[in-house]
Every structure is written in C-alpha cells, then in structure tokens.
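Protein sequence lines, in the order shown, are assigned to chains E and U. Our numbering numbers the first residue of the first sequence as 230 and each following residue consecutively. Our numbering numbers the first residue of the second sequence as 1368 and each following residue consecutively. First up is the structure itself, then whatever we jot down about it.
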Amino acid sequence: MDADSKRLSRPKMGGWIFFLVGLIAALIVGWIVFPLVLYSEKSQPLSFSHSSHGPESDAGLECEECHFFYKDGTFSGIPGIRKCMDCHEDPESPLSEDPEEVKLFTDYVGPEKEIPWLIYSRQPDCVYFPHIAHVKMANIECKVCHGDFATRKTPPIYKVNRLTRYSIDIWGRNIAGYKKNTWDKMKMDDCADCHKRKGKENNNACFVCHK
Amino acid sequence: MEFSRRNFIKFAVGGLGGTMLSPLPWKLIDDIAIWTQNWSWVPVPARGKFSYIKTVCTLCPGACGIEVRKVGSRAVKIEGRSDYPVNQGAICPLGMAGLQILYNGGIRWKAPMKRVGPRGSQEWKEIPWDEAIDELAIRIKGLRDKGNPEKLAAIDGNQSRSTMALLIKRLINSIGSPNYMFMPREEDTHATANFLMQGTNGPIAFDLENADLILSFGCGLLDGWGAPGRMLSTWRQWANNGKKHKTYLVQVDPRASNTASKADLWLAPFPGTEAALAMGIAHVIIKGKLYHKKFIENHSFGFYDWFDEKGVEHKGFSKIVLEKYSPQMVENITGIKRRVIIEVAKKFASAHAPIAIAGKGKGTLPGSLYEFMAVHALNALKGRVNKEGGSLITDDVPLAQWSDVEYDSVAKDGLIKERVDCAGTPQYPFSRSLIHKFTEAINSGHGSPIDTLLLCSANPVYTIPDSQSFIEALAKIPFIVSFSPFMDETSLMADLILPDHTHLEKIVDIVWPTGIQYPLYALSQPVVKPIYRTKHSGDVIISLADRIGGQVAGSFQWTNFEEALKERVRGLYDSGNEKVSWADIKKNGYWYIPAHSFGRWIDIFKTPSKKFEFFSTEIELALKAYSKEKSFDNALINLGISSKGDEVYMPHYEEIKSGADKKEYPLLLFPMELINLASGWIGNPPFLNKTLFNHQLKRDDLFVEVNPKTASQYRLKEGSKAIIRSPKGELKVRIHLFDGAMPGVIFVPFGLGHTAYDKHLKGKGVNPNKIIDQVEDPLSGQPVWWNTRVELIKI
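The structure is reproduced here in structure tokens:
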C-alpha cells in the first residue's frame, strides 16, 4: 500500500473521541469533583434553631435583642454565652427537653464557656464592614446579606474552603459564582454591585473598606 | 483505536478545553490569592472585640490627639483624633508609627537591669524592682551623709512644663543638688528673647491660623515643626481659605525643604545670616515709616534715640538699623538681592496680619538669641505683639502649685553650691541649663564633680552635638542611672536601668503643647497594660524619695504619680474658667480655653520699662553685673559678642564664629530634620525607614544632599562615596545631587547612624552630631549646631 491509501483507510472521526473523553472528563472534574474536594463540611457546635427563638416563636425575641449595637455603634454580632444565660440560666430546669439544650447546659452554660460558632459571613481582616452604616443608615434588612435566618429550624451545613479557610457562603454555594438572591454571595463585587445599585458608587473607593 | 501520541494530544486539548469551560481555574486563582493571606508569617491581629481609646501622643512636645484602635487587648492602629483642638485629625508619621515603639521588643528594656560586666560590655543582670530602687536610694543617701548631695545630677528630656519634669527637678533639689539639667531646646531661645524684650515668662504662642502673611526664618512648618499635627491641619485650613483670604508664606531656608518648596516665596540666605535679613527688612519698614506708630511711640522703649539718667545719649534701634542694615549691606551679608529684601519688607508691612517666626527645622534645637530677637523685632515694628494672628503673650495654664519643698540642712548646703554647667552664672545669665558646659567641666578636671547621674526621657549620647566629648564625660561619672524604656546609646552606658513605660502604656501630661495659641493641658492615658516588667518613672521617683526618707520623703507625699498629677490639675478646677473634673480631663484627654485677650499693651509688658524693649534693660543689667569682675570689653569677649556700643543691648546680626580654618574646611555642614525621620531621643521606627528614598538611605549608606555645582568641584557624581571631615571627626557618606541645596553647604539628616537599638537602626547611615564642631551662641551660651566647617573628600 502506498502512503495515500494508508491515510484513507483510517476512520475519519476516530481521534476526536479522545478529545471528547478529555473534554467531558475535565468538565466532570471541574464542575463536580473540584467543588467536592475544595470544601470540607463541618457542623455547628449546637443545632441552634432561630425559628424557636425569633419573633414568631414562643420565645418571641426581636432580632435586636441578641444581635444588638453597642453604644459606640459597633455591632455585637453573635451573642456571647452570657446572653444565652439570660434565659437559659438554671441548668436544673431546662426550658425544653431538647437534647441540644441539654448540650448547651452541659458543655457551655455550666463551665461558662463561649460557644465556638462557625461564622458563615466571616470576612478577611483587611475588610472593614460597619453594620451600623448598612442597618441604621441605609435601612437594609438582615436577610438582604445573610439570607432568611430568622425562620430556620437548623443552621445550614457549614462548608469551609480548604484553601482560603472561609465559608462557602462568601463565594456562594454555586461553584460558577451564579447568584439568584442578594444573599447568595458575599464577595467584594457583590458589595460593589449593591453600592452601585443604590447610587453609592463613591463608597466603592478602596479606602472606604480597606483602611 | 490506539492511544497514540496524536490521540493523547487530542485528549489533552479536550481536557484543557473542558477545564477552561469549568469554574476550576477561575475559582482556584481567587482562592490562591486569599490563601496567601493565611500564611502563618503574615501579620494578622488576633480576633477580638474592637475598641477605640482616645489619648494624646507624647512622643514630642506637640501633644497631638490620637485614637488607638484595639482588637482585644492589642493596639493595632493609631490615627489622628478629629475631636481634639490641637491637630483636628491630622497626625505626623512618627505618631502613626508609635505601635512599633510599643511592640518592638528588640529595642526595649524588659525589666530593671544591673550592669555586671565592664561598662559597654552589655553584660546585664535582671534584678527585682525593690532591689533596683534600693540600690539608688542607698547611693543617694551615701552622698547626703558625706555632705555632697550636689554630686547628684539629672539630665531630663521631658517637656519643660510637664509634671514629670517638675517631679524630677523637685527630687534633685530636695536631695540638695542644684544640678538639674535638661536637653538643649529651641523653646528656651524663644523664652529668653521674650523675657529680654517683653519681660514675660509665659509659654510660646503663635497664632498662625489667623495670620495672613507668615515670614518664617527657617521653621520647617511642614517638616515636623511645633506640634506637627497642628501644622498639617493649619496648612489644610490655609488652603481652604480660598484665594481672597490666602495666607502668604515666605520661607527662609538654605534648602528646598518641604516647607520651602510649598511656600509662596523662598529665600535662601547664607546659613547664620538670618538676623541680618530680618534687620534689612526692618530697615525698609523704618525708612518707609511703614511701622505701627501707635505701638512704637506708646508701648516700646529704645526705638528712638534716648538719654539715660546720667544724661548720656543712646542710639535708638531705628538709627542703628538705618545706619548698618541698608538692603545693599544686607545683600552683601546674606546673598539675598536687595530688590527681594525690599519686596518682602513691603509685603510684610502691607499685610493685614503678618507674623515673623524664628527657628530651624522641627523647632526643637536651640537657636541664636540675637537672631530670635531680630525676628521678633519685626513683629513689634508692625504691632503684631499679642494681636490676633500675631505672637501672643500668655499666662501659664492655671495648674495648682505643689506645696513648697522643705529643705533640710544637707539640702540647703548643697543648693548654694555652684551648678556644674555654669548656667545662670554672670557669664551665662540667661541660660538655665548648658549640657556642653557640664561635659567640659567633667572632662577638664581629674575626677568627676558628679557622682551619680540620672537620665530621663533623653538620649544625649546620640542627640547632643559633639557627642564624642559627652561620651568621654560619661565614662568619668562613677554611677549612671537610666530611666529609658529603650536600649538606646545612653542607657547602654549606664550602670543601672530603671525602665519606664512607653508612651502608650502610661499616664503623663503635656502642659501647653509647643507653640499653640491657647492654654491647653493634655493628658495621655494608658492604651494597653504594660507589656514588660517596666514601671512608670513618676512612681519610681516617688518611691525613691520615700526610701531616701527624711525631708526628701516629706516633699513627695503622694502614693503614686497619678496623685501628684491630680493635685496639679485641681488648679484647673479652682481657676473657675471652665468647670472641669479630674474624671472629665481623664476621659477627654485635655482641658483648654480657646479664647485669648488680645492687645492690652498698656499692662502686658513686664520689662523694667513696662514697655516692649528694643533696648533690653535686662541685658544692660546682666552686663553691668558681669563687667564688675572684669573690663567691659573682656566681658563682651567672654560672652561671645563682637558688636560694640548700644547695639549689644538690641537685636542685631552677630557673625557666628568657628574655630576651623575656612581654607582647610571650605564647606558648611548643615544638619537637617525630616518629618518622616525621628531625630530626637525616640529611635526611628522601621515603618519610617520604609519612607526614605533610595537616594536618602540605601542599605547602610546615608546620602547627603549637595548642590551639583559644589559636587562637580570635587568631581563627585550621584551616588559617589565621600568623607565629610570636620575638626571633630569624619563621616563616610554618599552623595545625592540636589539642585535645592545651597552651593557650598552639605545637608545631612539627623536621625540615622545609631549605634544602639535593633537591626532596623543600628549601623544604618551616620549621625552628624558625631562631627559637629560646636561653638557657643553669643549671650545665650547655647551650643550652635548648624555651623560646622567641613571638607569633602572623594573616596
């Protein structure tokens, strides 16, 4: 056989299968395997139920009772154990028989130890974020950034990025970075988008947040 | 189908394409960027509650308000305080970098130390506080038992009116020694000039904010002068005044400093001839009758010719100025064109609220007394004394006086002995402290007249001109005690270290921050708990007095320093101007009265003539007293005054003499001060090293600024290595060509060339103080630090 017939005898599309296999394998790795490897799951030390504490519940607490502002305008964030002890004060007479409440007493209230909550919205130290400017001045609701926590029975699973050590909620649970709701993501671009939408583009200057 | 090379490439390309179509690379890039922030060696403060502490920076006598941000118990950031009158939010680079002074363990003494090896060997033993204070108390008691309390001396660097300074002076005096000395400072030249011309002793106050023309004879207004934060905020205010109310700045400076390059007009007379320039300006004002007639005629003395009680005629200031300081004559002395002198004089005379201020650089080192008088004479000519926007005459902050010291017989005998530094003697009638004379006295004798020397908030081995002589003197002093928080050059030569807290760990006050125009009492408060086993020097002094016992202990009946402070502050409450409590002042960090009563020329001058004196009666009295012992001409020679006749008592130009031969040393060494380089007793923090350009400091080499013309005479190029040689020694430097440097002058920054501290400072650059060939300023006797003749040698 001469050289020409040799070339003709080859299946024309055969090699492209390898291309497709490579392509599909990479897509699977990129879209499915990579996110599984990148994040590890952790559960919160206590399965805290916002819904049984919030305004609609028997406890009937307003958000501000636990997540309050100090006199100087700084935000208290997640309340300390003393705040829990305002209600759950007597280990002998728990308010319910919930095993999580028992755990609260034995592990934290008794030894007066702070609960090591995992914080979904933790930002790097180089970011300065004043809650007061957003909550009191711009009147933005908590859920706009944090999602609707107030009605949750259990806290969401905390997924931590193995590289960055920040929660998945910063980049967003969608690996492509696609967002449907304002609270889906908490990256710098999301801050900037919102500033822009609200006509506060001046606040996108570097030094406003990176002091 | 085989997995050939070709197919492998197809697989790889497919894989690459698929990867690029997945979020993997983009997400990974973002994550890796954040991952780099988590490296263990990246400095990140611990997590904790944020808090802000408002206090006052006491790193210089400017006392700017600062706000320190803390995370948990750690201070993480210092910012200017905007609700504080002095600086209104502005802050200097040193103030901002203050955390490195607090947290840099490599430069701090961590506990009381006792020297165990030979001096300078740096062999130390940590000892308990009780033992350390006892050792000093026993030594002082020993001196008192032998009847030699005057052999105790102190060198103090605290602000003159501060409670710390008063406490140290009280200790030295109650023990029975007259030898309380303080570091040379510009404030004293201003104070003496004011005393001689106005008879006043109050704080120095310039109402720069309300002036519309500022004639600065060298003050580095933007180079760290006065309270640096105040000047930065004042500059902002001037800029906001708009064109109509613009403040016009004339800067007299031999170098294009920050201030000179931003001034409206920059004049560069030969260094040391500023007084002649002021007199030339006075000439134009007097000749054109542009002066303030009401002030001159009714409230000044010695302007016109006059007769004394004996009927002898004296020449008036106006006559001498007209005779000796015509613009042409002044051009010959200063090098400033007569046309420019006339222009500046007319501008000064026609301004609504002009002010003339004397001084150099940061305004911390002493100046020439006659020059300061000449500059202040310009203020008087325009009636700018105690006027809005002028030079103000003020009473002290109304703090309460402590009860008088009750001296025992040992103390009384000690106090009548003469001071080692001759300050206040007929030869130095207007000086209260002369450290170079102290050095001379020790170096000239066989033994040392001082047995025990206390050093507080000062690093004279590094900051005193002609430091080598001072080091020789220290070597002869049997026992040296340092209160420094830092392992600086001077404390390394001590025998006992009683380390103080740093400025962010303690409560201290600054009374009337330097140069501000209203009474202000500033109080710092501890921002963090002491990090090491250090102790507040105020507390140490009180417990030292207690252990010395007797009348000394009786003069220190406080249990701690805060009580002593509180007792003085009570005066603010009692003065009734503004009802304040100790708690208020502690919380706010200050007390002040923003009002001033201007004018009052009729009763404000406390001179013998009760007027502003162009002819200083005080100088006349002092000269009379001094010339009793010797002839009048000899008296003038000893005082360093070269002029004759009535001029001696009046502001005039005195050429500062130098012992060095002009042929052998053709150039002049002019030390300069930079706002971003700490040059006093505080070592430069590493943050500020980073702000120095490569043509200022490169690795360990310091660059000096030389005019290209001068450099070319010595065949020196940018970066060339050279030696600066003075009669006192040599400095190895590199050359930076700078058109803004006056030809014939070499500009060397103060602040580098440390031989102590840590790797960020030790061995970096050179210290001009080492080769300064100091002479004495006529009349004041203060060291002249800016007139060293040098030669430049290419290597």
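Where is the CB? At the ideal position from N, CA and C, for every residue including glycine.
Do you know how far the Cα of residue 2162(U) is from the Cα of residue 1907(U)? In the second sequence, counting from the first residue as 1, residue 1907(U) sits at position 540. In the second sequence, counting from the first residue as 1, residue 2162(U) sits at position 795. If I take the Cα positions, the gap works out to 51 Å.
In the DSSP assignment, find the alpha helix (DSSP H) that holds residue 1768(U) and state where it starts and stops. Reading the second sequence from its first residue, position 401 is the one you call residue 1768(U). Taken as a continuous stretch (DSSP letters only), residue 1768(U) belongs to no alpha helix (DSSP H), as it is neither H nor E.
If we count Cβ pairs, one from each stretch, closer than 8 Å, do we get three or more for the stretch 1516-1531 of chain U versus the stretch 1814-1824 of chain U? Yes, since at least three Cβ pairs between the stretch 1516-1531 of chain U and the stretch 1814-1824 of chain U fall closer than 8 Å, the two stretches touch.
Is the beta carbon of residue 2147(U) sitting closer than 8 Å to the one on residue 1798(U)? Indexing the second sequence from 1 puts residue 2147(U) at position 780. Indexing the second sequence from 1 puts residue 1798(U) at position 431. With contacts defined as CB atoms closer than 8 Å, residue 2147(U) and residue 1798(U) qualify as a contacting pair.
Taking Cβ positions only, does residue 393(E) come closer than 8 Å to chain U? By one-based count along the first sequence, residue 393(E) stands at place 164. Taking 8 Å as the CB threshold, residue 393(E) lines the interface with chain U.
At which residues does the beta strand (DSSP E) containing residue 2103(U) begin and terminate? The count along the second sequence starts at 1 and reaches residue 2103(U) at position 736. Its beta strand (DSSP E) spans residues 2096-2104.
Quick one: what's got a C-beta closer than 7 Å to residue 234(E)'s C-beta in the same chain, skipping five residues either side? Locating residue 234(E) in the first sequence gives position 5, counting from the first residue. Here residue 234(E) scores only 49 on pLDDT, less than 50, and its place in the model should not be relied on; the value that follows carries that caveat. No residues qualify anywhere along the chain.
Can you pull the chain U residues whose beta carbon is under 7 Å from the beta carbon of residue 303(E), in chain order? Along the first sequence, one-based indexing puts residue 303(E) at 74. Those within 7 Å of residue 303(E) in chain U are 1417.
How long is the line joining the alpha carbons of residue 2159(U) and residue 2060(U), rounded to whole angstroms? For the purposes of this step, residue 2159(U) is taken as the residue at position 792 of the second sequence. For the purposes of this step, residue 2060(U) is taken as the residue at position 693 of the second sequence. The alpha-carbon atoms of residue 2159(U) and residue 2060(U) are separated by roughly 23 Å.
Starting from residue 1382(U) and walking both ways along the alpha helix (DSSP H), at which residues does that stretch end? As a first step, residue 1382(U) must be located in the second sequence, where it is residue number 15. Run containing residue 1382(U): 1372-1387, per the alpha helix (DSSP H) assignment.
Selection from 1937(U), 1421(U), 1532(U) and 2081(U) that minimises the alpha carbon distance to residue 1904(U): Position 537 of the second sequence, counted from the start, is the residue given in the question as residue 1904(U). Considering only alpha carbons, the answer is 1532(U).
For residue 2055(U), does the three-state DSSP call read helix, strand or coil? Stepping through the second sequence from its first residue, residue 2055(U) is reached at position 688. Of the three classes helix, strand and coil, the one that applies to residue 2055(U) here is helix, per DSSP.
Counting only beta-carbon separations shorter than 8 Å, does residue 232(E) have a partner in chain U? Residue numbering aside, residue 232(E) sits at position 3 when the first sequence is read from its first letter. Bear in mind that the predicted position of residue 232(E) carries a pLDDT of just 48, short of 50, making it unreliable; the figure below should be weighed with that in mind. Chain U contact via Cβ: absent.
Starting from the N-terminal side, write out each stretch of the alpha helix (DSSP H) that is 4 residues or longer and does not extend beyond the stretch 1911-1993 of chain U. Here the runs fully enclosed are 1917-1921, 1928-1942, 1949-1955 and 1968-1971.
Identify whether residue 1680(U) lies in helix, strand or coil by the three-state DSSP scheme. Translated into the one-based positions of the second sequence, residue 1680(U) becomes position 313. Three-state result, residue 1680(U): strand.
Assuming residue 1890(U) and residue 1469(U) form a contact by the criterion Cβ under 8 Å, report the distance between their Cβ atoms to the nearest whole angstrom. Sequence index remark: in the second sequence, residue 1890(U) carries index 523 (1-based). Sequence index remark: in the second sequence, residue 1469(U) carries index 102 (1-based). Rounded, the Cβ-Cβ distance is 18 Å, inconsistent with contact.
Sorted by chain position, which residues of the same chain lie with C-beta nearer than 7 Å to residue 1416(U)'s C-beta, five sequence neighbours on each side aside? Within the second sequence, the letter at position 49 stands for residue 1416(U). Within the same chain, 1439 come within 7 Å of residue 1416(U) by CB-CB distance, once the 5 residues on both sides are set aside.
Residue 1926(U) burial status per 10 Å Cβ neighbour count (16 or more: buried): The residue labelled residue 1926(U) in the question sits at position 559 within the second sequence. Residue 1926(U) is exposed by the Cβ-count criterion.
Can the beta-carbon of residue 2044(U) be found less than 8 Å from the beta-carbon of residue 2055(U)? As a first step, residue 2044(U) is located in the second sequence; it is residue number 677 there, counting from the start. As a first step, residue 2055(U) is located in the second sequence; it is residue number 688 there, counting from the start. Contact flag set, yes.
Considering only the beta carbon of each residue, do residue 1724(U) and residue 1562(U) sit closer than 8 Å? Within the second sequence, numbered from 1, the residue matching residue 1724(U) stands at position 357. Within the second sequence, numbered from 1, the residue matching residue 1562(U) stands at position 195. By the CB criterion at 8 Å, residue 1724(U) and residue 1562(U) fall outside the cutoff.
Among 1397(U), 2022(U) and 1616(U), which residue has its Cα nearest to the Cα of residue 1697(U)? Locating residue 1697(U) in the second sequence gives position 330, where the first residue counts as 1. For the residues 1397(U), 2022(U) and 1616(U), the minimum Cα distance to residue 1697(U) belongs to 2022(U).
Pairing CB atoms from the stretch 1713-1732 of chain U with CB atoms from the stretch 1845-1858 of chain U, are three or more of them under 8 Å? In short, these stretches do not touch, since the Cβ pair count stays below three.
Is residue 230(E) helix, strand or coil when you go by DSSP? For the purposes of this step, residue 230(E) is taken as the residue at position 1 of the first sequence. Residue placement at residue 230(E) cannot be trusted, given a pLDDT of 44 that sits under 50; what the coordinates show is reported in the next sentence. Residue state, collapsed to three classes: coil.
Grab me the residues of residue 1623(U)'s own chain with a C-beta within less than 6 Å of its C-beta, minus the 5 sequence neighbours each way, in chain order. Here residue 1623(U) corresponds to residue number 256 of the second sequence, with the count starting at 1. Excluding positions up to five away in sequence, the list reads 2107.
Count the other CB atoms, across all protein chains shown, that sit within 10 Å of the CB of residue 2051(U); report buried if there are 16 or more and exposed otherwise. Taking the first residue of the second sequence as position 1, residue 2051(U) is located at position 684. Classification for residue 2051(U): buried.
What are the residues that DSSP puts in a beta bridge with residue 390(E)? For the purposes of this step, residue 390(E) is taken as residue 161 along the first sequence, with counting starting at 1. 268(E).
The beta strand (DSSP E) spanning residue 1547(U) covers which residue range? Residue numbering aside, residue 1547(U) sits at position 180 when the second sequence is read from its first letter. Looking at the DSSP string, the run of the beta strand (DSSP E) that includes residue 1547(U) is 1547-1549.
Starting from residue 1633(U), trace the beta strand (DSSP E) both ways and give me its first and last residue. Taking the second sequence and counting its residues from 1, one reaches residue 1633(U) at position 266. 1632-1634 is the span of the beta strand (DSSP E), which, as asked, contains residue 1633(U).
Is there contact between the stretch 1976-1995 of chain U and the stretch 1562-1579 of chain U, where contact requires at least three CB pairs shorter than 8 Å? These segments touch.
Please check if any C-beta of chain E sits within less than 8 Å of the C-beta of residue 1399(U). Sequence index remark: in the second sequence, residue 1399(U) carries index 32 (1-based). Yes, because at least one Cβ of chain E sits closer than 8 Å to the Cβ of residue 1399(U).
Once the 5 residues before and after residue 291(E) are set aside, which same chain residues still bring their CB inside 7 Å of it? Here the question's residue 291(E) lines up with position 62 in the first sequence. 284.
Near-chain U residues of the stretch 352-379 of chain E - C-beta to any C-beta below 9 Å: When CB distances to chain U are screened at a threshold of 9 Å, the residues of the stretch 352-379 of chain E falling below it are 353, 354 and 355, in chain order.
Would you mind reading off the limits of the alpha helix (DSSP H) that contains residue 2038(U)? Counting from 1 along the second sequence, the entry for residue 2038(U) is found at position 671. Looking at the DSSP string, residue 2038(U) is not in any alpha helix (DSSP H); the run it does join, the beta strand (DSSP E), is 2034-2039.
Pair within 8 Å by beta-carbon distance, residue 1465(U) and residue 1445(U): Position 98 of the second sequence, counted from the first residue, corresponds to residue 1465(U). Position 78 of the second sequence, counted from the first residue, corresponds to residue 1445(U). For residue 1465(U) and residue 1445(U), yes; Cβs fall inside 8 Å.
Would the stretch 1913-1920 of chain U and the stretch 1773-1784 of chain U be scored as touching if the rule is three or more Cβ pairs under 8 Å? Taking 8 Å as the limit for Cβ pairs, the verdict is that the stretch 1773-1784 of chain U does touch the stretch 1913-1920 of chain U.
Applying the 10 Å Cβ sphere with the 16-neighbour rule, what's the burial state of residue 431(E)? Stepping through the first sequence from its first residue, residue 431(E) is reached at position 202. Within a 10 Å sphere around the beta-carbon of residue 431(E) sit fewer than 16 other beta-carbons, which makes this residue exposed.
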